[in-house]
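Undergrad: Residue numbers (this note's numbering): 1 to 487.
(1) I'd like the ranges of any beta strand (DSSP E) spanning at least 3 consecutive residues and lying wholly in the segment 221–245.
(2) For residue 102, list the residues DSSP reports as bridge partners.
(3) For the putative contact between residue 429 and residue 331, defined by C-beta atoms under 8 Å, what is the C-beta separation to the nearest angstrom?
(4) To the nearest angstrom, report how far apart residue 139 and residue 20 are at their CA atoms.
(5) May I have a chain-ordered list of the alpha helix (DSSP H) segments no shorter than 4 residues that lie completely inside the segment 282–332?
(6) If you scan the segment 28–95 from start to end, which runs of the beta strand (DSSP E) of 3 or more residues do you find wholly inside it?
(7) Output the boundary residues of the alpha helix (DSSP H) element that contains residue 387.
(8) If you follow the beta strand (DSSP E) that residue 355 is part of, which residue opens it and which one closes it?
(9) Can you round the beta-carbon distance between residue 449 and residue 432 to whole angstroms, since I take them to be within the 8 Å contact cut?
(10) Output needed for residue 203: all residues of its chain with C-beta closer than 6 Å, excluding positions within five of it in sequence on either side, in chain order.
(11) Decide if the segment 252–270 is in contact with the segment 213–225; the criterion is three or more beta carbon pairs, one per stretch, under 8 Å apart.
(12) Could you tell me which of 469, 156, 250, 159 sits nearest to residue 280, measuring between CA atoms?
(13) What residues match up with residue 3 in a beta bridge as DSSP calls it?
(14) What does the Cβ neighbour count give for residue 166, buried or exposed, with the cut at 16 atoms within 10 Å?
(15) Would you say residue 88 and residue 58 are within 8 Å of each other, going by their C-beta atoms?
(16) Residue range of the beta strand (DSSP E) that residue 198 falls in?
(17) Relative to the alpha-carbon of residue 77, which residue among 83, 55, 91, 119 has its alpha-carbon at the smallest distance?
(18) Let's see if you can read the secondary structure: which residues bound the alpha helix (DSSP H) around residue 367?
(19) Do the segment 65–83 and the segment 145–158 make contact, defined as three or more Cβ pairs closer than 8 Å?
(20) Would you say the segment 232–243 touches the segment 404–411, given that touching needs at least three Cβ pairs under 8 Å?
(21) Rounded to a whole number of angstroms, what is the C-alpha to C-alpha distance between residue 387 and residue 358?
(22) Between which two residues does the beta strand (DSSP E) harbouring residue 272 extend?
(23) Could you give the residue range of the beta strand (DSSP E) that holds residue 395?
(24) Put residue 463 into one of helix, strand or coil per three-state DSSP.
(25) Considering only heavy atoms of the ligand ADP, does any lie closer than 7 Å to the CB of residue 221?
(26) On a CA-only basis, which of 479, 35, 4, 16 is nearest residue 201? Give me that one, please.
(27) Between 321, 218, 290, 299, which lies nearest to residue 347 when the distance is taken from Cα to Cα?
(28) Just to confirm the assignment: which complete beta strand (DSSP E) runs, minimum length 3, are found wholly within the segment 95–176?
(29) Consult DSSP for residue 403 and reduce its assignment to one of helix, strand or coil.
(30) Please report the residue range of the beta strand (DSSP E) in which residue 22 lies.
(31) Report yes if the C-beta distance between residue 371 and residue 361 is below 8 Å; otherwise report no.
(32) Helix, strand or coil for residue 491 per DSSP?
(33) Beta-carbon separation of residue 367 and residue 381 under 8 Å?
(34) Specify, as a first and last residue, the run of the beta strand (DSSP E) that residue 205 falls within.
(35) Beta carbon of residue 52, beta carbon of residue 123: below 8 Å?
(36) From 115, 183, 174, pick the residue whose C-alpha is nearest to that of residue 163; which is it?
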């Protein structure tokens, strides 16, 4: 699913109107028609619409008229001065009055929407760039306390549609209807918890715009990325996933790496770790080949090495040597990233394709910033780092951001709180490494890997609840997410 910023959407609409002659009122009418179709599915008897004086309010008033023509009572609460409304909003305001539609000026009387089973939020849309005023905060509280279902038009009021901020406020919608494209920030937290079910409706833009490089991966696209299997194959056909990971006190990280890579389809797995960790791996992942830590350079001839999960900080020299001298694909996680944070220029010495998989705290160390700044601008920071250092960045959070050096960005929305456990990141690294070993390029492997990881968590949570998912069990259930993709 493609995602756009508010500015990109504005330019797309302007090209349709100015260069291709599509009337703005027609786009608004198409948007309203699409929204009406979705609202009718909720079987409402009475609907109230909160409309502002911008084009989002115009959408809302057009929706009210569309509902009326379908025999559904609709009442508009208009916020602002009609004479200060945009041209298209003012036109729909006048047309709705001509239909004898009920319009209540917000300042004229107390608001009681307890009689409405659907409340439509068409106050601001995608244009919000700062915290709401006291008046709008009051309306948001009214909407959030209403008993009816809440439908937000294009973006819940109070949410920044570009960055995903909510300024500690905002409408909590049961459904958000986006027009033509979903908006980028809605896929990020905290905005994501405001949108409810996301629906995207076509508004009749008569061309496919160039330059949309941000997206979420959906099942159809994910299934196309899955590595192919062949009847005439052998273990070498599906690559060797190599890991320099684990240590005496964190042997489990290496176990999770290896198990996840095997369950993702890798033909061979080699884990380079300490002698005590090797004993654990032989017990829990007997298929894996092992190499003693001091012999790590023997892995350099392989095509894919993942480095850092549970490595500990006593092996920074191993990290630096591997980054500088391994010529194949390199995936760097956990303590590998901590080592790089202590020697930031070393990342630029990598030879082949490279993926880094930091969580927000690790990313803050890499860029020398605080976690708040990173968390509030995940796309910008991940993209800047990817371009500056020619790496694919998997910036892990509730909804992770995957950024490619060429500017493409994927926001992963699969997964749930069941994955908020120690070891989950090691599992993700194993999945991504297994996909790289099977021949996927770094960006595709990172996008598909985070998708499979999240879907596995969702499937396991149905059985175990979100409280009881464990990382090792997660690796052994990867097949369920893959089977869902293949069906």
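Glycine included, C-beta positions come from ideal geometry on N, C-alpha and C.
TA: On the basis of the supplied data:
(1) 240–244
(2) 75
(3) 6 Å
(4) 38 Å
(5) 316–325
(6) Within the segment 28–95, the complete beta strand (DSSP E) runs of at least 3 residues fall at 46–51, 73–78.
(7) 378–389
(8) 354–356
(9) 4 Å
(10) 27, 30, 31, 179, 180
(11) no
(12) 250
(13) 182, 214
(14) buried
(15) yes
(16) 197–201
(17) The residue from 83, 55, 91, 119 with its alpha-carbon nearest to that of residue 77 is 119.
(18) Start and end: 360–367.
(19) By the Cβ criterion, the segment 65–83 is not in contact with the segment 145–158, since fewer than three pairs of Cβ atoms, one from each stretch, lie closer than 8 Å.
(20) no
(21) Taking the straight line from one Cα to the other gives about 16 Å.
(22) Under the DSSP assignment, residue 272 falls in the beta strand (DSSP E) whose first and last residues are 268–273.
(23) In this chain, the beta strand (DSSP E) harbouring residue 395 covers 392–395.
(24) helix
(25) By its list of ligands, the structure shown contains no ligand whatsoever, and the ligand ADP lies outside what it can speak to.
(26) 35
(27) 321
(28) 102–105, 118–122, 149–153
(29) strand
(30) Counted as a single uninterrupted DSSP element, the stretch harbouring residue 22 is not any beta strand (DSSP E), since DSSP gives it neither H nor E.
(31) yes
(32) What is shown of the chain runs 1 to 487, which leaves residue 491 out entirely.
(33) yes
(34) It is not in any beta strand (DSSP E) - residue 205 carries neither H nor E in the DSSP assignment.
(35) yes
(36) 183
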